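Asks: Just passing along the structure, written as C-alpha cells.
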Amino acid sequence: MSGRNHASSGVAATAGIAGITLLGMTAMGIALPILPQRLNGDAGYSLTFVGWIIGLESIATLLSRPWCGHLTDRRGGQFAVVAGLVAMMFCGLAYTVSDFFLDAGVAGRRAATGLIVSGRIFMGIGEGLVISGTGLWAVDRAGPERVGRAVSWVGLGLFAGLALGSVFGAWLDHGQPGGFRLACVVSMLIPLVGIGVSFFIRPGSVTHHHDAAPIGPLLAVILLPGLGLFANACGFAAITSFLALDYEAHGWGVLPLGSAGTGIAGFGVGHVAARVLFSDLSDRVRSRWPAVMCLVVEALGLCVIWLAPTPVMALAGTVVTGFGFSMGYPLLNLPVLATVPAARRGMAFALFDAFFDSGAGIAALCSGTVARYFSLPGVFLVAALAALAGIVPLLMVPAARWRRETPEA
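Shown next, in the form of C-alpha cells:
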C-alpha cells in the first residue's frame, strides 16, 4: 500500500514539475514569433544578424551548462529551477525596457539591441537551469523504473510551453499598438507563477558527496548520443529562428493558418501528440531504432516545409517535424542515464543538453547565412539533411548501452 502511495506521489510530483517546465517555456516561447520580426522588420537588421541574436540564447545556455550542472548537483533540482525562473523574469524585463528605446533614433536602437542581447543571455542561462533542474528533480521523484516517463513528461512541458507561448505571443502582438511590450510583460510575469508552484512540490534529494572527477569520462559516455541530439536540434532551431520570416516572405501573414505563431504551435502539437502516445516507449523499448526513426520523421517534416506552396502544407510540415523531434531527447537519454551514476546525473543532464544547445545555436547561425545567400525555404532543407546525418553516430553506440538498466546510485 505504501509503495502504491509512493508511486502516486511520484506521478503527481512529476506532473507538477512538468507543469513548472511548461510555465517557464511558455515565457520563453512568447518571444519566438515576434522577436525576429522586431529585429528584422522594425529595427532593420539583416537576416544574418537576426540569426546571431536568436542563436545567442543557445550559446549562453551552452556556455553556462557546466555551471548549471554543478549547481543542480550541489543544491538540488528545485533550487536550480527557481534560479532559472528568476533569470527568465530578468529576460522579460530587458525585452520590455527595450521597447521604450527602439524608436529613439540610432542611439535608442543600439540601446534596445543591447537590452535584447542581455535578455537573450538571461533567457539562455534560465533555460539551462530550468531544464537541468526539472530533469534531475523529476527523475529523482519518479524513481529508477520511471526514468523514461519522467524525462518524457518534462520534455512534454517544455515543448508544449514553447507552442503555447508562441501562439500567445503572436496573439498579443498581432496588429495591436504596444503589443510587443504587452507580450514581454506577460513573459516576465509567467515565471513568477512557476516559482510559486515549485514551493508546493517536495524537493528531490541533494547529493552531499561531490567528487572532483573530471568531466572527460562523462563526455566519452555522452558523445555519440549527444551528436544525435545535436542533429535532432537543427529542425527545432530552423523553425524557431526562421519560420516567422519564411511565412512573412511568402505573404502568409493572416491568422489563423497564416500566422507564424500557428506554425510554431503546429510543431508543438506534433510534439505533444508523440509524447502522449509514446511517453512510456523509452521505458519499454531499449533499442536504437526508435531514435533513428525519430530523425527520419523529423527530416520528412522539414522537407514538407521546404516545398510547401501553402500555409496549410507548411503547418502540416511543422506538425510532422514536431512529431519526429519529440521522442528524440528521452530516447537518446537512455544510453546516457544507463551509464552515469546518480551522484553525477545533474552534470550528465547539463553536458547532454549542451549538445542540444550547440545544435540549436549553430543551426540558427548557419540558417541566417543560408537564408541570406540562398533562400529562406532552403533553411529547412539544410536542417533536414542535418537530421539525417545524426543517424550515423547512433549506429555507433554499442547495443548493450541501450539495454542497460538505470543505476540508482
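So in my numbering, spot 388 of the sequence shown is number 714, and the numbers just go up one at a time. Here a beta-carbon is modelled for each residue, glycine too, at the ideal position from N, C-alpha and C. This one's a predicted model, so the numbers in the text were calculated from it and none came from an experiment.
Under three-state DSSP, which class holds W578?
Replies: Three-state result, W578: coil.
Asks: Classify H597 as helix, strand or coil using the three-state DSSP reduction.
Replies: DSSP places H597 in helix when its eight states are reduced to three.
Asks: For the alpha helix (DSSP H) containing L388, name the first residue and the last one.
Replies: Here the alpha helix (DSSP H) through L388 covers L373 to R401.
Asks: Give the DSSP-derived three-state secondary structure of V723 in the structure shown.
Replies: Coil, per DSSP.
Asks: Using only alpha-carbon positions, find the residue among V547, G403, G418 and L628 that is nearest to V666.
Replies: Out of V547, G403, G418 and L628, V547 has the C-alpha closest to the C-alpha of V666.
Asks: Assuming L419 contacts M514 (C-beta within less than 8 Å), just tell me the rounded distance between them.
Replies: Indeed, because the Cβ distance is near 5 Å, the residues count as touching under 8 Å.
Asks: Can you tell me where the alpha helix (DSSP H) with S492 in it begins and where it stops?
Replies: Looking at the DSSP string, the run of the alpha helix (DSSP H) that includes S492 is V473 to D499.
Asks: Decide yes or no for the touch test of the stretch 373-381 against the stretch 672-681: beta carbon pairs closer than 8 Å, at least 3 of them.
Replies: Taking 8 Å as the limit for Cβ pairs, the verdict is that the stretch 672-681 does not touch the stretch 373-381.
Asks: Would you kindly check if the distance between the Cβ of V407 and the Cβ of G459 is under 9 Å?
Replies: Cβ distance < 9 Å, so G459 and V407 count as in contact.
Asks: Hey, A386 and G450 are a contact pair by Cβ (cut 8 Å); roughly how many whole angstroms apart?
Replies: Rounded, the Cβ-Cβ distance is 3 Å, consistent with contact.
Asks: Exposed or buried, F311, counting other C-beta atoms within 10 Å across all chains shown (16 or more means buried)?
Replies: In the structure as shown, the chain begins at 327 and stops at 735. Residue 311 is therefore absent and cannot be evaluated.
Asks: Sorted by chain position, which residues of the same chain lie with C-beta nearer than 7 Å to A409's C-beta, five sequence neighbours on each side aside?
Replies: The answer, listed in chain order, is L455.
Asks: Can you give the Cα-Cα distance for L626 and V646, rounded to whole angstroms?
Replies: Computed Cα separation, rounded: 7 Å.
Asks: Measuring straight from C-alpha to C-alpha, what distance separates V638 and G694?
Replies: Computed Cα separation, rounded: 24 Å.
Asks: Helix, strand or coil, according to DSSP, for T665 in the structure here?
Replies: Here T665 sits in coil by DSSP.
Asks: Residues in the same chain with beta-carbon distance under 6 Å from T566, minus the five sequence neighbours each way, listed in chain order, please.
Replies: Hits under 6 Å: L358.
Asks: For a test of the three-state rule: what should DSSP assign to D606, helix, strand or coil?
Replies: D606: coil per DSSP, three-state reduction.
Asks: What's the gap between the Cα of A617 and the Cα of G481?
Replies: Roughly 15 Å between the two C-alpha positions.
Asks: Considering only the beta carbon of each residue, do A570 and G589 sit closer than 9 Å?
Replies: In contact: A570 and G589 (Cβ atoms closer than 9 Å).
Asks: Skipping 5 residues on each side, what residues in its chain have a beta carbon closer than 6 Å to that of G445?
Replies: Cβ within range, chain order: C417, A420 and Y421.
Asks: Looking at the unbroken alpha helix (DSSP H) that takes in L628, where does it start and where does it end?
Replies: Where L628 is concerned, the enclosing alpha helix (DSSP H) stretches over W615 to L633.
Asks: Going along the chain, which residues of its own chain have a beta-carbon closer than 6 Å to the beta-carbon of A712, five neighbours each way excluded?
Replies: Closer than 6 Å at Cβ, skipping near neighbours: A557 and C560.
Asks: Which residues in the same chain as M351 place their Cβ atom closer than 6 Å to its Cβ, once the five residues preceding and following it in sequence are excluded?
Replies: Cβ neighbours of M351 beyond the five flanking positions: L484, G487 and L488.
Asks: Out of L365, D399, N659 and F525, which one is the CA nearest neighbour of R436?
Replies: For R436, the nearest C-alpha among the options comes from L365.
Asks: Using alpha carbons as the reference points, say which of L373, R391 and L553 lies closest to V705.
Replies: When each option's Cα is compared against that of V705, the closest is L373.
Asks: Hey, out of F568, L555 and G403, whose CA is closest to L691's CA?
Replies: The residue with the shortest Cα to Cα distance from L691 is F568.
Asks: What did DSSP end up calling M653 once you bin it into helix, strand or coil?
Replies: Coil.
Asks: Quick check: what's the CA-CA separation for G461 versus P362?
Replies: Their Cα atoms are separated by approximately 29 Å.
Asks: From the DSSP output, in three-state form, read off D429 for me.
Replies: It is coil, neither helix nor strand.
Asks: Rounded to a whole number of angstroms, what is the C-alpha to C-alpha distance between R442 and A697?
Replies: Going by the sequence as given, residue 442 is Ile instead of Arg. Taking the straight line joining both Cα atoms gives about 22 Å.
Asks: For a quick check, are the C-beta atoms of F593 and G654 less than 9 Å apart?
Replies: No, these two residues do not count as a Cβ contact at 9 Å.
Asks: Just to confirm, are A689 and A564 a CB contact at a threshold of 9 Å?
Replies: Yes, these two residues count as a Cβ contact at 9 Å.
Asks: How would you call V465, buried or exposed, if buried means at least 16 neighbouring beta carbons within 10 angstroms?
Replies: Classification for V465: buried.
Asks: With distances taken Cα to Cα, identify the nearest neighbour of V611 among V718, L660 and D572.
Replies: Here the closest residue by C-alpha is L660.
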